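Novice: Position one of the sequence shown corresponds to residue 2 (our numbering), numbered consecutively onward.
Built from N, CA and C at the ideal position, the CB exists for glycine as well.
Source: prediction; values computed, not measured.
Quick one: the structure is below, questions incoming.
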Amino acid sequence: SHTNKKYLGGHVLPAQLRATDDIKAAFAHSSVIVLAIPAQNLRAVLVEWKNYFAPDVLIISTVKGIELTTDLRMTEVILEVLGTHKYAVITGPNLADELILRQPAGAVAAAPTIEIATQVQELFVTPYYRVYTSIDVVGCEFAGAIKSIIALAVGMSIGMGFGENTQAMLITRGLNEVARIGAAHGADPLSAAGLAGMGDLVASCGSALSRNRTFGEALGRTGSISDARSHVAKTVEGVASSSAVVEIAHRVGVEVPVIEAVADVVAGTITPTQALERLMAISTKAENFIR
């Protein structure tokens, strides 16, 4: 039927797209490999496929998350497993259910060089899909991973019955945490204000199509991780990544109260209500974007 009923319902996929379970054949004549694998499974899959990657192939990651066992970003995992390769990231507010309908959308292609970023831009750009370029791989990857955690926080607030003011506070303060973590790792803090950061946050926090927000809503409504899991069958990267991001932030001395609150709720050490109460009890200070 040329559909992906599990994740994309009855939408018919493009005729030129061909599914295969023969990885060796698929890689044999490919100059570009696009990875769309759950973050916690990426390493195992790459190890299994390692011998099929040609030395000069361009690897493009769409994976958003932090590896739990190592606290590595996805391109760091790729480089560690595969060694030296051309690589890039394409990220942004890209909800699959809307992309399949070819609704107008945008993304950022980030790579170590502008030449590679431009190559990815040219591969992906269409009349309905705008692609911008960046050489801030670190900032764009952190933004894509951390926005999932902020979307969980926003979802929890919705599930608890709170409105737009609460959501706006969590989004804005969460974005500040994204920028500060990135800056502490040498990234451009303004990447957090672009499509990889703010753009993805708006889509993930504002849409009922977002898995992280939907999971957060169920968690805020029921207070139960197991109940929330029964509501969302797809991968929820914010749940997996939250504790790893807290560790990453602490190593570089960055305070991340919103992310910490989510991680503690996910770990079951506090309830969503206690998390919000804790956030509201924090002493306020001057509002600075990356301080």
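Considering just the uninterrupted stretch of the beta strand (DSSP E) at T134, what are its terminal residues?
Specialist: Y130 to S135 is the span of the beta strand (DSSP E), which, as asked, contains T134.
Novice: Sort V155, A89, E68 and D23 by Cα distance to S208 and report the nearest one.
Specialist: Cα-wise, what sits closest to S208 is V155.
Novice: Just how far apart, CA to CA, sit H232 and F216?
Specialist: Rounded to the nearest angstrom, the two C-alpha atoms are 7 angstroms apart.
Novice: Compare the C-alpha of S242 against each of H12, A55, A45 and I147 and name the closest.
Specialist: Ranking H12, A55, A45 and I147 by Cα distance to S242 puts I147 first.
Novice: Taking the runs of the beta strand (DSSP E) that are 3 residues or longer, which of them lie wholly in the region 58-91?
Specialist: List check, beta strand (DSSP E) in window: 59-62.
Novice: What residue range is occupied by the uninterrupted alpha helix (DSSP H) comprising V233?
Specialist: No alpha helix (DSSP H) holds V233; DSSP gives it neither H nor E.
Novice: Check the DSSP bridge columns for L36 and list the partner residues they point to.
Specialist: BP columns for L36 point to S62.
Novice: Contact between the region 124-142 and the region 187-201 is defined here as three or more beta-carbon pairs at a separation below 8 angstroms; is this criterion met?
Specialist: They touch, by the three-pair rule.
Novice: Run through the DSSP bridge pairs and tell me what G107 is partnered with.
Specialist: The partner list for G107 (beta bridge, DSSP) reads R131.
Novice: Hey, could you find the ends of the alpha helix (DSSP H) A184 is sitting in?
Specialist: E165 to A185 is the extent of the alpha helix (DSSP H) around A184.
Novice: Locate the alpha helix (DSSP H) running through D330, then write down its first and last residues.
Specialist: The requested residue 330 does not occur in the structure, where the chain is confined to residues 2 to 292.
Novice: One question on the structure: do L171 and V259 come within less than 8 angstroms of each other, judged by their Cβ atoms?
Specialist: Result yes, Cβ atoms of L171 and V259 sit closer than 8 angstroms.
Novice: Which residues in the same chain as T76 place their Cβ atom closer than 7 angstroms to its Cβ, once the five residues preceding and following it in sequence are excluded?
Specialist: Hits under 7 angstroms: S62, Y88, V90, V138 and E142.
Novice: Report the three-state DSSP secondary structure of A285 (helix, strand or coil).
Specialist: Just to set this straight, residue 285 is Thr in the shown sequence, not Ala. Three-state result, T285: coil.
Novice: Would you kindly work out how many angstroms separate the C-alpha atoms of T85 and S158, rounded to a whole number?
Specialist: Answer to the nearest angstrom: the Cα atoms are 43 angstroms apart.
Novice: Is it buried or exposed, R212, if we count other Cβ atoms within 10 angstroms and call 16 or more buried?
Specialist: Per the 10 Å Cβ criterion, buried.
Novice: Taking 7 angstroms as the cut-off, does the CB of N166 come closer than this to any heavy atom belonging to the ligand NAD?
Specialist: For the ligand NAD, the structure offers nothing, since it holds no ligand at all.
Novice: Look up V253 in the DSSP assignment and say whether it is helix, strand or coil.
Specialist: Coil, per DSSP.
Novice: Exposed or buried, which one is S32 when buried takes at least 16 other CB atoms within 10 Å?
Specialist: It counts as exposed.
Novice: So A111 packs on Q122, CB below 8 angstroms; how close in whole Å?
Specialist: Contact flag wrong, Cβ pair sits at about 10 angstroms.
Novice: Output yes or no for whether 8 angstroms exceeds the beta carbon distance between L220 and G175.
Specialist: Taking 8 angstroms as the Cβ cut-off, L220 and G175 do not qualify as a contacting pair.
Novice: In chain order, what are the residue ranges of uninterrupted alpha helix (DSSP H) at least 4 long that sit wholly in the region 185-230?
Specialist: Runs of the alpha helix (DSSP H) inside the region 185-230: 201-207 and 212-223.
Novice: Return the Cβ separation of W50 and I67 in integer angstroms, given the expectation that the two are a contact with Cβ distance under 8 angstroms.
Specialist: W50 to I67, Cβ: 21 angstroms. No contact.
Novice: Here's the rule I'm using: 16 or more other beta-carbon atoms within 10 Å means buried, otherwise exposed. How should T71 be labelled?
Specialist: Under this definition T71 is an exposed residue.
Novice: Start and end of the alpha helix (DSSP H) containing M157?
Specialist: M157 -> alpha helix (DSSP H) spans V138 to G160.
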